[in-house]
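A.B. asks:
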Amino acid sequence: AIYVVGTVNIYDPVIIDASRAQGSKLAGCIYTEREEAVINFHGGQLIGTEIAGNGGAVCVNKGTFTMSGSAAITNCSAAENGGAVYLGGGTMTISGGDIGTVEAPNEAQNGAGVYMAGGTLNVTGGTIAYNQAAENGGGAYMGGGTLTISGGSIGYNTAQQNGGGTYLGGGTLIVSGGS
């Protein structure tokens, strides 16, 4: 896994397969808890993680995470929250790419695509699709923070209890576009 303190830029054709992180309590691919951390995920793939805690592929507690272009997070799972991404704080922007695919969904108890405990998530493009939550929020779970959707797509996600697409347990949801 990559612990980010400064700036990291990831482009195609980079593939980070963190299947060896199985059993870890931290994110399988990328983790940060630093305000100054900047993660730009422009392309490539984060795949195959299985985490015992939160954030199957990415865990952002502070700092900035941007996902764009052809970036993909697939086939990741968290025993707790955030099969693909756990956002505990900081800012995440999705303007392109895929979180989950029909062939390789992400899985978690809650928020199989993205779990928000706090912070800010802006979705202006890309897709959050085909993710599977054992409880709530197949695509996204909001426990706190602000989620703004002005583009992109959240669809074809499933949850065994509530919110196959998005589950709002707290925080603020603003929708002005997208599907």
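One gets our numbering by counting positions in the sequence shown from 1 and adding 984 to each.
Where a beta carbon is used, it is the ideal one built from N, C-alpha and C, also for glycine.
Because the structure is a prediction, the values reported are computed rather than measured.
1. Quick one, are the C-beta atoms of GLY1103 and GLY1129 less than 8 Å apart?
2. So, at 6 Å on beta carbons, what are the nonlocal neighbours of LEU1131 in its own chain, with the 5 sequence-adjacent residues on each side left out?
3. So GLY1027 and GLY990 are supposed to be a Cβ contact under 8 Å. How far apart are they, rounded?
4. Based on Cα-Cα distance, which residue from GLY1121, GLN1029, THR1050 and GLU1064 lies nearest to THR1085?
5. Could you check how far apart the C-beta atoms of VAL998 and ALA1021 are, in whole angstroms? I think they sit under 8 Å.
6. Go ahead and pull the three-state DSSP assignment for ALA1088.
7. Would you list the one or two residues that DSSP bridges to SER1061?
8. With GLY1161 and GLY1135 assumed to form a contact (beta carbons below 8 Å), what rounded beta-carbon distance in angstroms separates them?
9. How is GLN1145 classed by DSSP in three states: helix, strand or coil?
10. Out of GLN1144, ASN1146, ALA1113 and ALA985, state which residue places its alpha-carbon closest to the alpha-carbon of VAL1042.
11. Is the beta carbon of GLY1122 less than 8 Å from the beta carbon of ASN1141?
12. Just to check my reading of the structure: THR1016 and ASN993 have Cβ atoms closer than 8 Å, yes? What is that Cβ distance to the nearest angstrom?
C.D. replies: Reading it off the structure:
1. If you number the sequence shown from 1, residue 1103 lands on position 119. If you number the sequence shown from 1, residue 1129 lands on position 145. In contact: GLY1103 and GLY1129 (Cβ atoms closer than 8 Å).
2. The sequence position of residue 1131 within the sequence shown is 147, counting from 1. Within the same chain, LEU1131 has close Cβ partners LEU1105 and LEU1157.
3. One-based indexing of the sequence shown puts residue 1027 at position 43. One-based indexing of the sequence shown puts residue 990 at position 6. GLY1027 to GLY990, Cβ: 20 Å. No contact.
4. Indexing the sequence shown from 1 puts residue 1085 at position 101. Check the Cα spacing between THR1085 and each of GLY1121, GLN1029, THR1050 and GLU1064: the tightest is with GLN1029.
5. Translated into the one-based positions of the sequence shown, residue 998 becomes position 14. Translated into the one-based positions of the sequence shown, residue 1021 becomes position 37. Not really, about 18 Å apart at Cβ, beyond 8 Å.
6. Position 104 of the sequence shown, counted from the first residue, corresponds to residue 1088. Assigned with DSSP and collapsed to three states, ALA1088 falls in coil, not helix or strand.
7. Position 77 of the sequence shown holds residue 1061. Paired residues: GLU1034 and GLU1091.
8. Here residue 1161 refers to the residue found at position 177 when the sequence shown is read from its first residue. Here residue 1135 refers to the residue found at position 151 when the sequence shown is read from its first residue. The Cβ separation is near 5 Å, so the contact holds.
9. Counting from 1 along the sequence shown, the entry for residue 1145 is found at position 161. Three-state DSSP puts GLN1145 in coil, outside helix and strand.
10. As a first step, residue 1042 must be located in the sequence shown, where it is residue number 58. Comparing C-alpha distances from VAL1042 to each of GLN1144, ASN1146, ALA1113 and ALA985 shows the shortest one belongs to ALA985.
11. To locate residue 1122, count along the sequence shown from 1; it is residue 138. To locate residue 1141, count along the sequence shown from 1; it is residue 157. Contact: yes.
12. Numbered from 1 along the sequence shown, position 32 holds the residue referred to as residue 1016. Numbered from 1 along the sequence shown, position 9 holds the residue referred to as residue 993. THR1016 to ASN993, Cβ: 14 Å. No contact.
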